[in-house]
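Residue numbers (the numbering used here), protein chains in the order written: chain A, 1 to 208; chain B, 209 to 416. For every residue, glycine included, the Cβ atom is placed at its ideal position computed from N, Cα and C. Since the model is a prediction, treat every value here as computed from it, not as a measurement. For reference, the structure discussed in these notes is given below.
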DNA sequence: TGGCATATCCCCTAAAAAGGGGATTTTTCT
DNA sequence: AGAAAAATCCCCTTTTTAGGGGATATGCCA
């Protein structure tokens with residue numbers, strides 16, 4: 001019997017996941033929670049084997065929460081859930097201790113398979129063929145590059161329409177520095193102007 | 209008693225919505241379907257009052273399906289469901305006959321309220337305060353401007369990262385003409401650089 | 001057939017970004 | 001403590017965009 005817990009702020013997803021999991025005879029849903037901070041005390045109370053965790057939570061990011069959970073409960077497995085098959089997020093979640101990554105369009109069978117893969121010590125990645133075929137952007141050979149904190153920050157400001165000078169003013173750094181970061185972003189993304197950069201960033205939910 | 213039908217390709221959402229709707233005493237879930245084309249014959253068989261419809265379906269867009277449903281079954285109400293509170297989509301769905309727009313993070317109470325608003329002839333828009341506060345961009349007073357055919361075409365090419373010269377070459381027109389269109393786009397959108405233009409366009413699904 | 005929106009083309013200047021270098025300090029991790 | 005990564009800053013040139021302005025053709029519709 002596998003005891004699972006759900007952390008997601010979308011009631012529809014929680015109800016759906018719970019309903020799909022309830023239909024599995026060897027899975028027991030211990031509870032659910034709509035945010036990160038309240039979830040940790042709840043996890044202490046129950047002996048949970050596996051946590052389903054949305055990567056976009058209202059308070060702290062899934063990545064942070066994953067790190068915390070793995071630190072406090074090393075035996076507990078983490079299955080990240082997300083709307084998108086976002087390569088950048090996937091790798092970052094895995095790096096921070098997640099054992100699986102499931103997209104919200106997963107079927108009951110896929111979820112079942114994912115649970116068993118993860119519980120037997122494996123790594124499950126939900127990159128189904130449909131996603132690969134239907135979303136060429138998110139899954140294109142262009143892997144989402146690893147950005148530094150500063151680069152992400154500046155990418156966000158670029159996408160908001162600020163110029164190098166405005167960004168420099170906002171961050172109290174030289175416009176030349178902003179320009180360097182901007183050039184690094186272009187290089188990392190393999191694009192050659194702002195339009196492509198912003199489009200890529202918005203489509204891959206790196207901004208917003 | 210209100211008979212509803214769900215069209216969504218995400219099993220988790222279908223299960224979740226079904227579970228939340230089953231908990232309402234005056235609602236009866238007649239069935240569900242994972243794509244647009246198979247849904248129409250199913251709707252013919254049952255007397256459905258209200259259809260919950262994802263705006264992103266694998267085959268045809270929610271907007272097209274909404275149009276079709278309203279044409280074939282004029283008495284049937286359509287409730288659009290989406291992950292985002294995207295103004296562009298909302299208006300287009302409403303224009304094509306939808307009576308409501310619900311985001312997937314809606315609570316059971318919100319869904320209940322939406323159903324009753326719609327069934328009593330009203331228009332329900334899920335633009336909760338959190339969304340308004342968290343996503344100032346998608347909900348800004350900025351109405352989507354009316355673009356001409358040429359402007360839409362050029363906007364698409366700008367978002368693909370082409371320069372004025374490249375666009376001119378592609379369309380066999382002068383770069384100066386492209387520049388004029390580009391300036392008109394900036395004016396119509398009320399923005400002052402390409403970054404904002406592309407972001408707005410991508411977020412409002414004007415490109416892709 | 002006259003008006004109106006659209007599309008086309010042109011002028012000018014200033015600002016911003018792209019593309020190419022290189023160098024130094026500060027964090028971060030081991 | 002020392003290496004590696006990140007962040008900072010600077011030089012140069014060319015291309016592209018932004019922000020003004022205006023003008024002519026063309027298709028559509030009432």
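- Message: Against chain B, does residue 120 (chain A) count as a neighbour if the rule is that its beta carbon must be under 8 Å from one of theirs?
- Response: It does not: the Cβ of residue 120 (chain A) has no partner Cβ on chain B nearer than 8 Å.
- Task: Look at the alpha carbon of residue 8 (chain A) and the alpha carbon of residue 312 (chain B), and state the distance between them as a whole number of angstroms.
- Result: Using only the alpha carbons, I get a separation of about 12 Å.
- Item | Where residue 2 (chain A) falls: helix, strand or coil (DSSP) | Under the three-state reduction of DSSP, residue 2 (chain A) is assigned to strand.
- Item | Helix, strand or coil at residue 369 (chain B) [DSSP, three-state] | In this structure, DSSP gives residue 369 (chain B) a state outside helix and strand, which the three-state scheme calls coil.
- Give a yes or no on whether the minimum CB-CB distance between residue 203 (chain A) and chain B is below 8 Å. Closer than 8 Å to some Cβ of chain B, the Cβ of residue 203 (chain A) qualifies, so yes.
- Opening and closing residue of the beta strand (DSSP E) in which residue 100 (chain A) lies: Following the DSSP letters along the chain, one finds residue 100 (chain A) inside the beta strand (DSSP E) bounded by residues 100–103.
- Any idea what DSSP makes of residue 227 (chain B), helix, strand or coil? DSSP, reduced to helix, strand and coil, places residue 227 (chain B) within a helical segment of the structure shown.
- At 8 Å on the CB atoms, spell out the chain A contacts of residue 401 (chain B), in chain order. The answer, in chain order, is 161, 163, 194.
- Query: Using CA coordinates, which residue listed in B:327, B:284, B:275 is at the minimum distance from residue 234 (chain B)?
  - Reply: A check of alpha carbon separations from residue 234 (chain B) across B:327, B:284, B:275 identifies B:327 as the nearest.
- Message: Give me the DSSP bridge partner(s) of residue 403 (chain B).
- Response: According to DSSP, residue 403 (chain B) bridges with nothing at all.
- Task: Apply the 10 Å Cβ neighbour rule to residue 219 (chain B) and answer buried if 16 or more other Cβ atoms are within range, or exposed otherwise.
- Result: Residue 219 (chain B) should be labelled buried.
- Message: Mapping the DSSP letters down to three states, classify residue 184 (chain A) as helix, strand or coil.
- Response: Residue 184 (chain A) falls in the helix class under three-state DSSP.
- Kindly list the residues whose CB is nearer than 6 Å to the CB of residue 337 (chain B), restricted to its own chain and excluding five residues on each side of it in sequence; keep chain order. Only weak support is given to the placement of residue 337 (chain B): the predicted model assigns it a pLDDT of 32, under 50, and the question is left unresolved by the model.
- Message: To the nearest angstrom, how far is the alpha carbon of residue 5 (chain A) from that of residue 400 (chain B)?
- Response: Distance between the alpha carbons of residue 5 (chain A) and residue 400 (chain B): 47 Å.
- Where does the unbroken beta strand (DSSP E) through residue 120 (chain A) begin, and where does it stop? Unbroken run through residue 120 (chain A): none, as it is neither H nor E.
- Task: With a threshold of 16 other CB atoms inside 10 Å of the CB of residue 79 (chain A), please say whether the residue is buried or exposed.
- Result: Residue 79 (chain A) is buried by the Cβ-count criterion.
- Classify residue 32 (chain A) as helix, strand or coil using the three-state DSSP reduction. Strand at residue 32 (chain A).
- Message: Does residue 402 (chain B) pass the burial test, meaning 16 or more other C-beta atoms within 10 Å, or should it be called exposed?
- Response: Buried, by the Cβ-count rule.
- Message: Quick check on the DSSP output: the beta strand (DSSP E) that includes residue 173 (chain A) runs from which residue to which?
- Response: Segment: none, residue 173 (chain A) is in no beta strand (DSSP E) and carries neither H nor E.
- Message: Alpha carbons only, please: which of B:240, B:230, B:282, B:372 is nearest the one belonging to residue 384 (chain B)?
- Response: The shortest C-alpha separation from residue 384 (chain B) is found at B:372.
- Message: Going by beta-carbon coordinates alone, are residue 36 (chain A) and residue 46 (chain A) separated by less than 8 Å?
- Response: Result no, Cβ atoms of residue 36 (chain A) and residue 46 (chain A) do not sit closer than 8 Å.
- Message: Taking its Cβ as the centre, do 16 or more other Cβ atoms sit within 10 Å of residue 32 (chain A), making it buried, or is it exposed?
- Response: Its Cβ being crowded by 16 or more others within 10 Å, residue 32 (chain A) is buried.
- With 8 Å as the threshold, decide whether the Cβ of residue 38 (chain A) is near any Cβ in chain B. Closer than 8 Å: no.
- Message: What does the Cβ neighbour count give for residue 279 (chain B), buried or exposed, with the cut at 16 atoms within 10 Å?
- Response: Residue 279 (chain B) sits exposed, since fewer than 16 C-beta atoms from the chains shown fall within 10 Å of its C-beta.
- Run through DSSP, which three-state label would residue 107 (chain A) get? Coil.
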